[in-house]
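**Student:** In the numbering used here, the protein residues as written are 1 to 175. Ideal placement from N, C-alpha and C gives every residue a C-beta, glycine not left out. The structure follows.
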Ligand SMILES: [Zn+2]
Ligand SMILES: [Zn+2]
């Protein structure tokens, strides 16, 4: 866990996730929701959508906003994001209370298999380099490497890996 300021990290691949309410999104994205709960209701940061201080929260960690729609709030104190589901959800009968898993879960299907982690690497730059094209620069020791990728409308994904010894390899995947 390298960053509790942000509260998230990558697992072994392209699976960035949070372990705490990503309250920083309230400052980088204005007053937009910072998340959506699996019951469909939005999660806001420390302020209401109109910028006023957060109103009192119920045990689910949310409230009806301005007599309209329910929403949750993320805070820096227990229960941090969602105390309980306010909306009606279906739970997986194969999972026992109190840890019933909600169905359906969010999922993704990666277009390439997981590869070995780059031990000691830190990401130094991630930038848009064209239409559907990105470049990720990383550093190991004092050497830089790159993962450049782009994709087309036929869901072909093209990767160029330039490692820290300046050796280039390419790979192509189809989703
Ligand atoms: Zn994690
Ligand atoms: Zn609110």
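What are the boundary residues of the beta strand (DSSP E) that includes residue 97?
**Tutor:** As a working note, residue 97 is residue 97 in the chain shown. Taken as a continuous stretch (DSSP letters only), residue 97 belongs to no beta strand (DSSP E), as it is neither H nor E.
**Student:** What are the start and end residues of the beta strand (DSSP E) that includes residue 149?
**Tutor:** On the chain shown, residue 149 is found 149 positions in, with the first residue counted as 1. Per DSSP, residue 149 belongs to the beta strand (DSSP E) from 143 to 151.
**Student:** In terms of residues, what are the limits of the beta strand (DSSP E) holding residue 124?
**Tutor:** Translated into positions along the chain shown, residue 124 becomes position 124. Taken as a continuous stretch (DSSP letters only), the beta strand (DSSP E) holding residue 124 covers 122 to 130.
**Student:** May I ask which residues mark the beginning and end of the beta strand (DSSP E) holding residue 32?
**Tutor:** Your numbering for residue 32 matches position 32 in the chain shown. Per DSSP, residue 32 belongs to no beta strand (DSSP E) and is neither H nor E.
**Student:** With DSSP collapsed to three states, give me the class of residue 135.
**Tutor:** If you number the chain shown from 1, residue 135 lands on position 135. Residue 135: strand per DSSP, three-state reduction.
**Student:** My output table needs one value for residue 27: the three-state DSSP class, helix, strand or coil.
**Tutor:** Here residue 27 refers to the residue found at position 27 of the chain shown. Of the three classes helix, strand and coil, the one that applies to residue 27 here is helix, per DSSP.
**Student:** On a CA-only basis, which of 142, 150, 30, 166 is nearest residue 123? Give me that one, please.
**Tutor:** Stepping through the chain shown from its first residue, residue 123 is reached at position 123. The option with the nearest alpha carbon to residue 123 is 142.
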